Every structure is written in C-alpha cells, then in structure tokens.
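Colleague: Take this structure, written in structure tokens, and hold onto it; I'll ask about it next.
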Amino acid sequence: MSESTKVGAAPAVFESKSAAAIDKAKAAGRKALIAYLPAGFPNKQASIDAAIAVARNGADIIEIGIPYSDPVMDGAVIQAATVEALANGFHVTDVFDIVAAITAETDAAVMVMTYWNPVMRLGVDEFARRLAEAGGAGLITPDLIPDEAAEWFAASDKYGLDRVFLVAPSSTPERVDMTVRATRGFVYAVSVMGVTGARSSVSSAAESVVAAAHAAGAERACVGLGVSQAKHVREIAAYADGVIVGTALVAALRDGGVEAVGALAKELSSGFDAPADAEATL
Amino acid sequence: MVDPATAFLQGGVPAGSAPEHSLRHAPGPYFGSYGGRWMPESLIAALDELEETFEKAKLDPDFLAEIADLNTNYSGRPSLLTEAKRFSEHAGGARIFLKREDLNHTGSHKINNVLGQALLAKRMGKTRIIAETGAGQHGVASATAAALLGLECVVYMGAEDCRRQALNVARMQLLGATVVPVTNGSQTLKDAINDALRDWVANVENTHYMLGTVSGAHPFPAMVRFFHEVIGQEARGQILDQVGRLPDAVCACIGGGSNAIGLFHGFLDDASVKMYGFEAGGDGVDTGRHAATITLGRPGVLHGARSYLMQDEDGQTIESHSISAGLDYPGVGPEHSYLHDIGRVTYEPITDTEAMDAFKLLCRTEGIIPAIESSHALAGALKVGHRLVADAEKPEDVVIIVNLSGRGDKDVETAADWFGMLDEDGHVKGTTLSTRNAKGHAHAAGAGSAGVDSADSNTKDSSHE
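Protein sequences appear in the order of chains A and B.
Just so you know, the numbering used here puts 686 at position 21 of the first sequence, and the rest follows in order with no gaps.
Just so you know, the numbering used here puts 324 at position 320 of the second sequence, and the rest follows in order with no gaps.
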C-alpha cells in the first residue's frame, strides 16, 4: 500500500512542542522522560492532578491516553484503568479540558495517545483544532500507520501538531524510512513485539529499532513498552533520545494515588543521573 | 485467458464475458473508501507476508489442487442445492433453493476458509494458529484444520460464551486445541478478537492469526472471501442446471459477512440477480439491542478495517445483541459496506422472533434444522419471496437462492429454551431426565407435559432474554 502514501514535506513553520521538550532535556545533559497516564483515571480531576505531579517530578512530556473500548495494543493494567475511566463517565472531549489544565500548570509538552476511531468519530480536523486550542502538542497513534493517515497529515499541518507514529522490531527498512519521514516530534520505538505492560527487562530489540530510526534520519527516537524501572531508564538513555513509561505509572496511581505516581516519576527520572552501579530497582 | 483462480473456481461465466467494471474478485485493500489497514505497525510485516503468500498461492496450481482435493475429499464439496418445496409455500409461492453449506464437514461454511488459511500458514512456516470464536463454530473449524494439518491451535473465546457453549469448548479440546476464556472488556466476540490480536503481536514469528470472517485488515477480507467464493460458483452452476436460468434473488445472513460474500460473488456481475443481506435485528432495531451494523451503524475503524460500525458519539464500540452468537458482532466486512453504498446489495434487519419463526418453519416443512444464523436468511427470503411474487406473472417464476450457511445442532439448546421446551433446570420437559432431576424443585404448571408439541403456541415466548 505504500505506493499510495502521500507523505507531505511538512512545512515546519511552527515549533514542534515535543521536539522542543526533548531538546531541552538534552541541553540539560539528560534524556527526556515521557509519562503515560490515561485520561479520566480514576476520574477527570485526579488524572489532571496525577499528570501535574508527574510533570513536576521530572517528566518532560506527558502522554494522555484516551480510554477506548477496544485497546488492542494495551496490556491488562492499562486496559483495567481505561475500563474504569469509561465506567466513571469519561467522554472523549474531556481530553481537551485535561490537556488545557495540564498545560496551564506545567511546562511539559502534552501529547494525546489515541486509537483512531474516536478521532474519526469527532472528525479529524475538528479533533486537531480543539487539541491545538487546548495547547496540546500532538498525537501518538498506535493503530494508525502513515499509509492510512492522509487526513491526519492535512490536519496536523494545518494546526501545527506533532504526529508520532510507531516503529517496531518487525518494521522493514522501507517502512522505517517511510515512517520516519511521516513523523513530526519523535519516533516511538516499540521495544518489544507485544502489548503495553511492565517487564523485568527491556528487550535488546529496542536498541536496534532506535538505531534503525536514527539511520533513517530520525532526530529523536524514544523507547516505549515494558519500561518500568529506573535501571531501564538508565539503559535506554544510553542510546535513545527519550524513555516512555506507562504501565508502572498507572499501577502506582491505582495503588497509591497522586502522591505515589509523583514519587515514581521522580524515581524514574533519577535513572538519567544515577551512577550505573546504583540499582534503583522499584 | 482464464487465470488459474477462475479456473479453480470453475465459474459459469465464459471467459471474456465479464463486464468492464466487474465487482467480482475485488483485490483489496480498499473497497471504495472501506477496508485498508488500521493496525499497529508491529503487525504490518506479518500482514505483508500473508498478503504475499496468498497472492502467490492463488495463482499456484499446486495450492489450488490441494484446496480442491480437501474440499472434495474432506469437506464433502460440492454442497447440494436443495429446492425447499414445502417451505416455498410460505414465501408466496416463490421457488426457494437452499445452498446446503450445513452439509459440509463441521457443519457450516466456516471449513472453506480455515482449510485455505491453514495451508497458507504451513506455506509461511508457521507452526501455531490462533483464532477467535463467538459461539464456537469458527473455533471448532479452526481446531479441525489445525488437527488435520498438524498445527498447534489456540482459540480465544469470551468467558461468558465458554460457559454457554460448553459443548463447543469440549469439541475444540477434543480436537487438541487450547481454549482461552477472555475476561477482558465486555467478554464477547470483539474482545476475543482483541485478545487474539494481542497474542498475535507477541507471537507473530511462529503464529498465524486465522481470522474467521471477511473483516479485519488487508488481506483478510479479500482472502477469506476467496476461500468462500466456491459457494457462489457452485450455486450458480447448480441453479443453471436445475432451473435453466439465473435466480431472481440470492439471500444470506450477515454477521461479519463471510458466507454472504461467498454466495454473492457468484452473481455480483449479473445485474438481473437481486442480492439481500440480512443482519441481526435482535429485539428490534428501535430497541438498541441488535447487531444491525449496516442498517444503523456509521463508518469507523475496528479490528483493522474501515467499515460500518456500531459506535456511540465518542467512537466507542457499542455492544451488539442477537440470539445468534454468529451474528452478534458490532462490525461488518468492508466489502459489504461498499456493496451497500453503491446499492448493489440490499441489507435489512431480521429480528430474533422472525428468525426463530423461520427456524421452526424449516424444521417442520423440510426436515432440516438450520443454524439460527442461517434462519435470518430464511426469514428474509420469505419476505423477499412475497415482494417478488407480487410483481411476477406466476409465483413459480420467482427463483430465490438462500445460503443455508450452517446446521442447527449447536443451537438446539437455545431453540429449546426459546420455544419453551425446557424446565427450570434446563432439561427438556416431559422426559425422564427432566422428571428425575426435578426432584425437590417447584415446577411451573404444565411442566412434564409441555414438549415439542406445545412449541407452536410458544414461538413468541419472550422469556428467552
């Protein structure tokens, strides 16, 4: 299908907020910490409070996930959290309030992670306009590949939003190349063939995926899936431009509330500066 | 020149006579604006591998010969085309012919697809297949193909469906498959698909996902259809033999839509043949409890394809409802969405009650117990028959083919419950078993005497749901 793909030469007349956040971390001598939290979990206000706490404890980019009925890339912890958010009355347009509230209180770039159907349902242009108005940086799209993203290219260019696509260990060099060209902000390097969830170690495939993305011209590649400990952060920081943590934070929020999730963010970000022999296992 | 695929399918269309804008054999990935690949990047390489393997195989005489041999000597193809003379009396006198997919090995059309996909899995060097199932029919067919070809098989099935369809769980296990009860989300077919996809992402190296219908990401819709096109090709030849002309209409039930697309493809380019797809209307399309995806849904993406979809204002998938587990799915294959939009196929809902009335009618008039899925097509055919007869000179001038996609053995308990044949313990009323197990329990008046004979007065028993 790639023949039909139109990857627009993005006119970068605006600043990519997520790229700026990653570069700022780099300038400070470390890598970016990207923290995922589901919108509306355990409720709307608590999800805002949790994101602010995480941003104040070292996260450079906040990734707010939209709860969706059929999250095929998510493991049990995030599924359970998003099911709860939906049961507690979350609506998709709440995400714009949440993004606005976080950007008002913190310097973090705020990305939205969403499966594609909720965006289509609202309307791609309408969704992009409201996200930009709320101060959002852009979208991370786990089930939208550049091949199908013509409408999103147009809307993200129109409203100056980042578009983060995923690159996987299974991606061919041709697809890595195409995806890197389609991406704005950073490339999401999937560390492992699987779904979200904490793992005891981070797959060695991650380093190859990042290398492939860099070789294809990606200026920023961040690693996600399975990252849950400060030692993982330290490992990944050696070769990637950013580290994405989700499940571990969601579990901390679930078990210990806003305070616990803030403490974990602080702990994780210590992975950027801790000496290599300090095993900050959580 | 006839390509090998066409030759294999032995279509009735003489070479070179196909219209310029043929609707048949549409290759995907897009059917109009539907279809495509709305999938995680992690799975794209596997979809590419599958597409490449399939495209090569369908032009490979050895592969086609293998399929043809299995169809003939294992599944029992060609399936019969049976004129349903007594049933036809209830369709205004139109002549109704049943395409007997119920007579295939494992009891439904599903075997056509699983044998083809299992052969492809072997060609790709995969040693493990995974599948989703609702009531268990596709799961049983998958376990069958896996046993036949020596593949490991894991079937994902909603936990609630496992409980309700315990016998099908046992059938799969007897065939050597592992059944994984799915407790995520709504614990239904769509969640079984979600879990199968999660398994596939993690195990794609050695695993083929044997999707059971014409939905999903490319190449699934075009590939699953290819393996079912034999239905329409046979039916076309058989009706020409038996009646000497093409039918006025063809009818099929639609869940994901695999049996329907297989039948329709035999006639898509014959403008004189009207086509009807019957969706599950459940309790009624105005009740919110139905699976009438095309009738009431709107385009969206689910499980890899853009198609009509039952969704709320937030784009969240809505739970479907149908007495028929095989039609109880909130999506539909993308090619059906296209055929709906261009007006080639008419899609209409059939309620649970209408389907069960047709179920019983076929039992009593033809001595055939149909699957409840197929009963939706039968109920629709009765309506279509009356409509077409009204415009015909003589009723018997109207010829309709109905895809009898499966047999009803699996549905006996559901049907017995619907028709009020069970006592409080779920035993058949009036049997020794019922009496013995009823000991110590209070019983409704008439228990023990109400058997099959009372079913006539109970066809609209609403106690089912």
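C-beta atoms are modelled at their ideal positions from N, C-alpha and C, and glycine is treated no differently.
Keep in mind the model is a prediction, meaning the values are calculated, not measured.
(1) Whose C-alpha, out of A/755, A/835, A/889, is nearest the C-alpha of residue 52 of chain B?
(2) Tell me, please, whether the CB atom of residue 830 of chain A is closer than 8 Å to any CB atom in chain B?
(3) Roughly how many angstroms separate the alpha carbons of residue 117 of chain B and residue 231 of chain B, rounded to a whole number?
(4) Looking only at its own chain, which residues have a Cβ that is under 6 Å from the Cβ of residue 883 of chain A, when we skip the five neighbours before and after it?
(5) Are three or more beta carbon pairs between the segment 267–283 of chain B and the segment 420–433 of chain B nearer than 8 Å?
(6) Expressed to the nearest angstrom, what Euclidean distance is found between the alpha-carbon atoms of residue 223 of chain B and residue 297 of chain B?
(7) Should the segment 373–385 of chain B be called in touch with the segment 321–340 of chain B, which here means at least 3 C-beta pairs below 8 Å?
(8) When you compare only the Cα positions, how much space is there between residue 669 of chain A and residue 818 of chain A?
(9) Under the three-state reduction of DSSP, which class applies to residue 886 of chain A: helix, strand or coil?
(10) Can you tell me the Cα-Cα spacing of residue 28 of chain B and residue 269 of chain B, whole angstroms?
(11) Here's the rule: buried if 16 or more other CB atoms are within 10 angstroms of the residue's CB, otherwise exposed. What is residue 198 of chain B?
(12) State the start and end residues of the unbroken alpha helix (DSSP H) segment that holds residue 279 of chain B.
(13) On the three-state DSSP scale, how would you describe residue 954 of chain A?
(14) What residues in the segment 777–789 of chain A bring their beta carbon closer than 8 Å to a beta carbon of chain B?
(15) With DSSP run on the structure shown, which of helix, strand or coil describes residue 390 of chain B?
(16) Going along the segment 805–818 of chain A in order, which residues come within less than 8 Å of chain B, judged by CB to CB distance?
(17) Below 6 Å CB to CB, which residues in the same chain sit around residue 682 of chain A once its five sequence neighbours on both sides are set aside?
(18) Starting from residue 433 of chain B, follow the alpha helix (DSSP H) in both directions and report where the run begins and ends.
(19) Mind checking if residue 305 of chain B is an interface residue toward chain A, Cβ cutoff 8 Å exclusive?
(20) Per the DSSP calculation, residue 34 of chain B is bridged to which residue(s)?
(21) Taking 7 Å as the limit between beta carbons, can you name the residues of its chain near residue 66 of chain B, skipping five residues before and five after?
(22) Please go through the same chain and pick out, in chain order, the residues whose beta-carbon is closer than 8 Å to the beta-carbon of residue 931 of chain A, but skip the five residues on each side of it.
(23) In angstroms with no decimal places, state the Cα-to-Cα distance between residue 690 of chain A and residue 934 of chain A.
(24) Determine the direct distance from the alpha carbon of residue 91 of chain B to that of residue 216 of chain B, and round the result to whole angstroms.
(25) I'd like to know whether the C-beta atoms of residue 309 of chain B and residue 219 of chain B end up nearer to each other than 8 Å.
(26) Taking any Cβ of chain B, which residues in the segment 675–709 of chain A have a Cβ under 8 Å from it, in chain order?
(27) So, for residue 369 of chain B: in the same chain, excluding its five sequence neighbours on each side, which residues have a beta-carbon less than 8 Å away from its beta-carbon?
(28) What are the residues in the segment 159–190 of chain B lying within 9 Å of chain A by C-beta distance?
(29) Cα-Cα, which of B/137, B/168, B/131 is closest to residue 154 of chain B?
(30) On the CB-based measure, 16 or more other CB atoms within 10 Å of its CB, does residue 136 of chain B come out buried or exposed?
(31) Got a sec: is the Cβ-Cβ distance from residue 837 of chain A to anything in chain B below 8 Å?
(32) For residue 877 of chain A, collect the residues of the same chain with a Cβ closer than 6 Å to its Cβ; drop the 5 residues on either side in sequence, then sort them by chain order.
(33) Compare the C-beta of residue 858 of chain A with all C-beta atoms of chain B and state if any pair is closer than 8 Å.
(34) For residue 44 of chain B and residue 804 of chain A, which I take to be in contact (beta-carbon distance under 8 Å), what is that distance rounded to the nearest angstrom?
(35) Around the Cβ of residue 249 of chain B, are there at least 16 other Cβ atoms within 10 angstroms (buried) or fewer (exposed)?
(36) When the cut-off is 8 Å and only beta carbons count, does residue 201 of chain B lie next to chain A?
Modeller: From the atom records:
(1) Counted from its first residue, the second sequence places residue 52 of chain B at position 48. Nearest option by C-alpha distance: A/835.
(2) Reading the first sequence from its first residue, position 165 is the one you call residue 830 of chain A. Yes, its Cβ sits closer than 8 Å to a Cβ of chain B.
(3) Counting from one through the second sequence, the residue named residue 117 of chain B turns up at place 113. Counting from one through the second sequence, the residue named residue 231 of chain B turns up at place 227. Near 5 Å, if we compare the C-alpha coordinates of residue 231 of chain B and residue 117 of chain B.
(4) Within the first sequence, the letter at position 218 stands for residue 883 of chain A. The answer, listed in chain order, is 845, 852.
(5) no
(6) Numbered from its first residue, the second sequence carries residue 223 of chain B at position 219. Numbered from its first residue, the second sequence carries residue 297 of chain B at position 293. Roughly 22 Å between the two C-alpha positions.
(7) yes
(8) For the purposes of this step, residue 669 of chain A is identified with residue 4 of the first sequence, where counting begins at 1. For the purposes of this step, residue 818 of chain A is identified with residue 153 of the first sequence, where counting begins at 1. Reliability fails at residue 669 of chain A, whose pLDDT of 42 lies under 50, so the model's placement of it is uncertain and no value is given.
(9) Walking along the first sequence from the start, residue 886 of chain A turns up at place 221. In this structure, residue 886 of chain A counts as strand in the three-state DSSP scheme.
(10) Start at 1 with the first residue of the second sequence, and residue 28 of chain B comes out as number 24. Start at 1 with the first residue of the second sequence, and residue 269 of chain B comes out as number 265. Cα to Cα, the separation comes out at about 6 Å.
(11) Position 194 of the second sequence, counted from the first residue, corresponds to residue 198 of chain B. Residue 198 of chain B is buried by the Cβ-count criterion.
(12) Against the second sequence, residue 279 of chain B aligns to sequence position 275. Here residue 279 of chain B belongs to no alpha helix (DSSP H); instead the beta strand (DSSP E) covers 278–288.
(13) Absent from the model: residue 954 of chain A. The displayed extent of chain A is 666 to 947, so no value can be given.
(14) 781, 782, 783, 784, 785, 786, 787
(15) Start at 1 with the first residue of the second sequence, and residue 390 of chain B comes out as number 386. Here residue 390 of chain B sits in helix by DSSP.
(16) 807, 808, 809, 810, 812, 813
(17) Here residue 682 of chain A corresponds to residue number 17 of the first sequence, with the count starting at 1. Closer than 6 Å at Cβ, skipping near neighbours: 774, 802.
(18) Counting from 1 along the second sequence, the entry for residue 433 of chain B is found at position 429. Counting along the chain, residue 433 of chain B falls outside any alpha helix (DSSP H), and DSSP gives it neither H nor E.
(19) Position 301 of the second sequence, counted from the start, is the residue given in the question as residue 305 of chain B. Interface residue, yes.
(20) By 1-based counting over the second sequence, the position of residue 34 of chain B is 30. Its beta-bridge partners are B/39.
(21) One-based indexing of the second sequence puts residue 66 of chain B at position 62. Nothing listed; no residue qualifies.
(22) Taking the first residue of the first sequence as position 1, residue 931 of chain A is located at position 266. Excluding sequence neighbours, residue 931 of chain A sits near 722, 723.
(23) To locate residue 690 of chain A, count along the first sequence from 1; it is residue 25. To locate residue 934 of chain A, count along the first sequence from 1; it is residue 269. Approximately 11 Å, taken between the alpha carbons.
(24) By one-based count along the second sequence, residue 216 of chain B stands at place 212. By one-based count along the second sequence, residue 91 of chain B stands at place 87. One C-alpha to the other measures close to 30 Å.
(25) As a working mapping, residue 309 of chain B is identified with position 305 in the second sequence. As a working mapping, residue 219 of chain B is identified with position 215 in the second sequence. In this structure, residue 219 of chain B lies closer than 8 Å to residue 309 of chain B by Cβ.
(26) none
(27) One-based indexing of the second sequence puts residue 369 of chain B at position 365. Within the same chain, residue 369 of chain B has close Cβ partners 88, 90, 91, 93, 94.
(28) 188, 189, 190
(29) One-based indexing of the second sequence puts residue 154 of chain B at position 150. Of the listed residues, the one whose Cα sits closest to residue 154 of chain B is B/131.
(30) By 1-based counting over the second sequence, the position of residue 136 of chain B is 132. So residue 136 of chain B ends up on the buried side.
(31) For the purposes of this step, residue 837 of chain A is taken as residue 172 along the first sequence, with counting starting at 1. Taking Cβ atoms only, chain B reaches closer than 8 Å to residue 837 of chain A, which makes this a yes.
(32) Along the first sequence, read from residue 1 onward, the residue named residue 877 of chain A stands at position 212. Contacts found: 841.
(33) Translated into positions along the first sequence, residue 858 of chain A becomes position 193. Closer than 8 Å: yes.
(34) Here residue 44 of chain B corresponds to residue number 40 of the second sequence, with the count starting at 1. Here residue 804 of chain A corresponds to residue number 139 of the first sequence, with the count starting at 1. Contact doesn't hold; Cβ gap of about 15 Å is too wide.
(35) To locate residue 249 of chain B, count along the second sequence from 1; it is residue 245. Flag for residue 249 of chain B reads exposed.
(36) Here residue 201 of chain B corresponds to residue number 197 of the second sequence, with the count starting at 1. For residue 201 of chain B, the nearest CB of chain A lies under 8 Å from its own CB, placing it at the interface with that chain.
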